[in-house]
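S.K.:
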Amino acid sequence: MSKLTVAKFGGTSVADHHAMLRCANIVKNDLATRVVVVSASAGVTNHLVRLSQADVAQDEQLLLIEKITAIQNNILQQLDHASEVQAHVEKILDHLASLAQQQAENYSAQLSDAILACGEQMSSVIFAHVLRSLGIATECFDVREVMRTNSLYGKAVVDIEALKSHCVELLQPKLTSKVIVTQGFIGKDGLGHTTTLGRGGSDYSAALLAEALDADNLAIWTDVVGIFTTDPRITDQARAIEEISFGEAAEMATFGAKILHPATLIPAMRHNIPVFVGSSKEPEKGGTRIQQQVNSAPTYRSIALRKEQTLVTVKSPAMLHASGFLAQVFAILAKHELSVDLITTSEISVALTFDNPTGSTQALLTSAVVQELEQLCEVTIEHGLSLVAVIGNNLHATSGLGSNIFDNINEVNIRMICHGASANNLCFLVPEKDANTVVEQLHNTLFA
Ligand code: ADP
Ligand code: ASP
Ligand code: MG
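Note that our numbering has the sequence shown beginning at 183, numbered continuously upward.
1) Tell me I599's beta-bridge partners as DSSP assigns them.
2) Is the CB-CB distance between A197 and A224 below 7 Å?
3) I want to check one thing, is the minimum distance from the CB of G366 to the heavy atoms of the ligand MG below 6 Å?
4) So does I441 have its beta carbon nearer than 6 Å to some heavy atom of the ligand ADP?
5) Which residues in the same chain have their Cβ closer than 7 Å to the Cβ of P480, if we skip the five residues on either side of it in sequence?
6) In three-state terms, what does DSSP make of A422?
7) Between which two residues does the beta strand (DSSP E) containing K537 stretch?
8) State the Cα-Cα distance for the pair G374 and V328, rounded to the nearest angstrom.
9) Pick helix, strand or coil for F629, following the three-state DSSP scheme.
10) Would the beta-carbon of T227 be found less than 6 Å away from any heavy atom of the ligand ASP?
11) Is it right to say G301 is buried, meaning 16 or more other beta carbons lie within 10 angstroms of its own, or is it exposed?
12) Under 8 Å: do the segment 434 to 451 and the segment 395 to 410 share three or more Cβ pairs, one atom per stretch?
13) With a threshold of 6 Å, establish whether the CB of D405 neighbours any heavy atom of the ligand ADP.
14) With distances taken Cα to Cα, identify the nearest neighbour of A500 among T215, R597, Q557 and Q243.
15) Sort out for me which residues DSSP pairs D371 with in a bridge.
16) From what residue to what residue does the alpha helix (DSSP H) around N586 run?
17) From S478 to I423, what distance separates their C-alpha atoms?
18) Flag T527 as yes when its Cβ comes closer than 6 Å to any non-hydrogen atom of the ligand ADP, and as no otherwise.
19) Around the Cβ of I563, are there at least 16 other Cβ atoms within 10 angstroms (buried) or fewer (exposed)?
20) Looking at the structure shown, is H565 part of a helix, part of a strand, or coil, going by DSSP?
21) What is the DSSP secondary structure of E593, reduced to helix, strand or coil?
22) Any idea what DSSP makes of A579, helix, strand or coil?
23) Could you tell me if the beta carbon of G192 falls within a distance shorter than 6 Å of some heavy atom in the ligand MG?
24) Which residues bound the beta strand (DSSP E) around N399?
25) Just checking F588 against the ligand ADP - is the residue's beta carbon closer than 6 Å to any of the ligand's heavy atoms?
26) Restricting to runs no shorter than 3 residues, where is the beta strand (DSSP E) found entirely within the segment 337 to 394?
27) By the 10 Å Cβ neighbour count, where 16 or more other Cβ atoms means buried, how is H503 classified, buried or exposed?
28) Determine whether the Cβ of A189 lies closer than 7 Å to any Cβ atom of chain B.
29) Among I455, E343, K190 and F629, which has the Cα closest to the Cα of T215?
30) So V496 and T364 are in contact, right, with Cβ under 8 Å, and what is the actual spacing, rounded?
31) So, using beta-carbon positions, are I257 and H199 closer together than 7 Å?
32) At the level of alpha carbons, what is the spacing between C205 and G383?
33) Could you check if R381 belongs to the surroundings of the ligand ADP, using beta carbon to heavy atom distance under 6 Å?
34) Quick check: the Cα distance between G469 and I362, rounded to an integer number of angstroms?
35) So what's T492 in DSSP terms, helix, strand or just coil?
36) With DSSP collapsed to three states, give me the class of I274.
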């Protein structure tokens, strides 16, 4: 079989008709690209997240649906011969209105996911039409036929084995005759209910499909010309990285470089599929290649920033020389499906960080969790923190690392430091108000 590339186009890449046309031409110009995964058009998922919440009043509900309709209509109006696709999108919007109504009457996490999925359902139908308008034989495929998950709504876990066998049976045979357009971010559980994989999950969907289809390449088309030394929105000194190892890029994604969903590189690494990251606005500018073997391994590769971190400190004199305390704390967190990012411990206390982003669809640190922890120990919670991660190579064996990093940001209150567990990162927490300045200063120092 000839080479296969799975391409993913993010929200800004399918934001309007002009953007969609650019993406369609990228597909047209590369015969290997036969599977296309799309996100919802920019802005739509944020509106859907609000629409899916329990406290949306009727007038806000109508306003949100109007805004979503306007985004989609703006694209539909530019299409020729689009009555069928128009009718399809209208049907999804009607379904959305009914789901929102049900949600207002009787909230459930399952309905939330059904609401969130509407964005990708609409953008995929529209993008398939745009591809057809360029003369490309295209089918819009419902990814839920292959992306089977558990029922952890908002952060569903994909059944990799089932995905593989369904892809071989249902998707692979189609690829010889047409381009398949499908939805990122969504799946279906054993009960037949729609699920979602967590915010930004389309990158991960594309990587999983690339793995299941034995693809030769995964291309993530976004709004920047590759992975940068830090978020280019923070400093104009950030520069694109030509080539980066799986390990380094995975650390960046894990520590908040929004460019890739944290899990994206897991399937790519498992199956050794090279990943390309580039801009759908400027495909001619090239991008970043992420692969197993790279030529350089610089001490400092990049700086990632993750905002809206919560620091929880649990303290108990019972911990002194005792065993099993940490296991009890973690059992409570596991029961509530909460995942811990950083940990530091001292004699009688443990500090843990959690990601608590606005618009998240994942489990959050609720008062129920805190109450349970309080049965065990004293609990202190601090919000308004950001996690800065310096990513590179051999950091655990680099002398002068501490002064290189901290001497230049010595006016900032560093709340927590984690170093030593990985050769590839050093992370610390700073107050949110200082975070961008810290990253900018650090970037000036480490990447001058
Ligand atoms: P998409 O909708 O295509 O998935 P995202 O907004 O999720 O796009 O991700 C792209 C954004 O990631 C960029 O616009 C940029 O601001 C941000 N970003 C954060 N860290 C980095 C980095 N190290 N390199 C490039 N972009 C980054
Ligand atoms: N549309 C979803 C989101 O905005 C998934 C994605 O774009 O990757 O989170
Ligand atoms: Mg994204």
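From the three backbone atoms N, C-alpha and C, an ideal C-beta is built for every residue, glycine too.
Since this is a predicted model, take the numbers as computed values, not measurements.
M.R.: Taking the definition as stated:
1) DSSP output for I599 lists F610 as bridge partner(s).
2) yes
3) no
4) yes
5) Hits under 7 Å: G574 and N575.
6) strand
7) One detail in the question is off: residue 537 reads as Asp in this sequence, not Lys. Note, D537: beta strand (DSSP E), S531 to D537.
8) 12 Å
9) coil
10) A heavy atom of the ligand ASP is found nearer than 6 Å to the CB of T227.
11) buried
12) For the pair of segments examined, the segment 434 to 451 was found to touch the segment 395 to 410: the number of CB pairs separated by less than 8 Å reaches three.
13) At least one heavy atom of the ligand ADP is nearer than 6 Å to the Cβ of D405, so yes.
14) Q557
15) T331
16) L583 to F588
17) 11 Å
18) no
19) Around the beta carbon of I563, fewer than 16 other beta carbons lie within 10 angstroms, which makes this residue exposed.
20) Reduced to three states, the DSSP call for H565 is strand.
21) The answer is coil: DSSP assigns E593 none of H, G, I, E or B.
22) The answer is helix: DSSP assigns A579 an H, G or I state.
23) yes
24) N399 to T404
25) no
26) 361 to 365, 368 to 371 and 376 to 378
27) exposed
28) Within the model displayed, chain B is absent; a lone protein chain is all it includes.
29) Nearest of I455, E343, K190 and F629 to T215, Cα basis: K190.
30) Going by Cβ atoms, the distance from V496 to T364 rounds to 44 Å, so no, they are not a contact pair.
31) yes
32) Rounded to whole angstroms, C205 to G383 spans 19 Å at the Cα level.
33) no
34) Taking the Cα positions, G469 is about 24 Å away from I362.
35) When secondary structure is reduced to three states using DSSP, T492 falls in the strand class.
36) Under the three-state reduction of DSSP, I274 is assigned to helix.
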